[in-house]
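Peer 1: Take a look at the following structure, please.
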Amino acid sequence: MGAARWWLAALVLAASHAAAAPGQRLQKQGEQVYERCQACHSLETDRTGPRHCGLFGRRAGSVPGFAYSDAMKHADIVWTARTLDRFLANPAKMVPGTTMTYAGVTDAGERKALIAYLQQAARCKPQH
Ligand code: HEC
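Taking mature numbering (1 follows the signal peptide of the UniProt record, and there is no 0), I'd label the letters of the sequence shown as residues -20 to -1, 1 to 108.
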């Protein structure tokens, strides 16, 4: 094994490390933003708001047994990074009549971090 190969290995390692770090920082920041949501939500169980496990790709208003507003049930939204970004900026504007009485996350950077966090965290399975 020559010096050139060693350098290549070191470069690849350095590059992958540099790529991972900002993503992890963003998720960490998002985890802190999510603390605001935990007044009403948790990942695994329904509380005042529905559980967030399995959120991505799920239709709005579709957790079985959760008492959604008619507005949310009929919103015709599938939760993706894009739809969540719009909803979280101003919930009542995107879904007029929603019972999520929360002003929203007005800072676009905070929404981005929150969504990056949820894309990982919401891969969990609900408890029942
Ligand atoms: C004051 C309580 C409260 C807070 C705080 C809150 N929510 Fe909610 N959330 C609700 C309620 C209640 C619903 C159901 C709304 C409906 O049926 O109209 C909901 C619904 C949702 C939905 C739709 C879920 C689905 O299954 O269709 C998402 C996504 C959501 N909230 C994300 C968030 C995020 C992210 C935060 C933090 C930034 C947050 N919420 C903060 C109460 C809250």
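Glycine included, each C-beta is placed from N, C-alpha and C at the ideal position.
(1) Based on the DSSP secondary-structure assignment, which residues constitute the bridge partners of Arg31?
(2) How would you label Val58, buried or exposed, when you count the other beta carbons within 10 angstroms and need 16 or more for buried?
(3) By the three-class DSSP mapping on this structure, what secondary structure does Arg91 have?
(4) Going by Cα to Cα distance, which pick from His32, Gly(-19), Leu(-8) is closest to Arg103?
(5) Who are the Cβ neighbours of Gly3 in its own chain at under 8 Å, not counting the five residues just before and after it?
(6) If you measure from the CB of Met74, is any heavy atom of the ligand HEC nearer than 7 Å?
(7) In three-state terms, what does DSSP make of Arg38?
Peer 2: So, from the listed chains and residues:
(1) Arg31 pairs with nothing; no bridge assigned.
(2) By the 10 Å Cβ count, Val58 comes out exposed.
(3) helix
(4) His32
(5) Ala96
(6) False, no ligand heavy atom lies under 7 Å from that Cβ.
(7) Of the three classes helix, strand and coil, the one that applies to Arg38 here is coil, per DSSP.
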